[in-house]
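First up is the structure itself, then whatever we jot down about it.
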Amino acid sequence: MQEVRHDRIKVSYIMPGSVNTEFGGDEPSEEKSWQLQPVDIARVVLDLLQQEERSLLSRVEIRPSRPPVKSK
Numbered sequence: 000m001q002e003v004r005h006d007r008i009k010v011s012y013i014m015p016g017s018v019n020t021e022f023g024g025d026e027p028s029e030e031k032s033w034q035l036q037p038v039d040i041a042r043v044v045l046d047l048l049q050q051e052e053r054s055l056l057s058r059v060e061i062r063p064s065r066p067p068v069k070s071k
């Protein structure tokens, strides 16, 4: 990452938790409504793009706020 700073290029890592998408062969469903939605990740990307030039968010970890309770 250091090698691109002199070119004013910012690099950020986005580490999402469970996202309700079709990735992995599953269809989005109500059953998985506890998962993040794609729009949640898009908002993070937008926030990163709107940061001041003087700042850098190098890592962003976003997870569902209420993961499902596992039944016993």
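The sequence shown runs 0 to 71 under numbering that gives the first Met the number 0. Note that CB positions come from ideal geometry on N, CA and C, so glycine has one too.
In terms of Cα proximity to Phe22, the closest of Glu30, Ser57, Pro37 is Pro37. Put simply, of Lys69, Met14, Arg53, Val43 the residue whose alpha carbon is nearest the alpha carbon of Arg7 is Arg53.
Distance check between Arg58 and each of His5, Met14, Arg65 places Met14 closest, using alpha-carbon atoms only. With distances taken between CA atoms, Gly16 lies nearest to Ile61 out of Ile61, Arg65, Arg42, Arg4. Between Val18 and Leu35, the beta carbon gap of about 5 Å places them in contact (Cβ cut-off 8 Å). Each of Gln50, Val68, Leu55, Lys69 was checked against the Cα of Arg4, and the nearest Cα belongs to Leu55.
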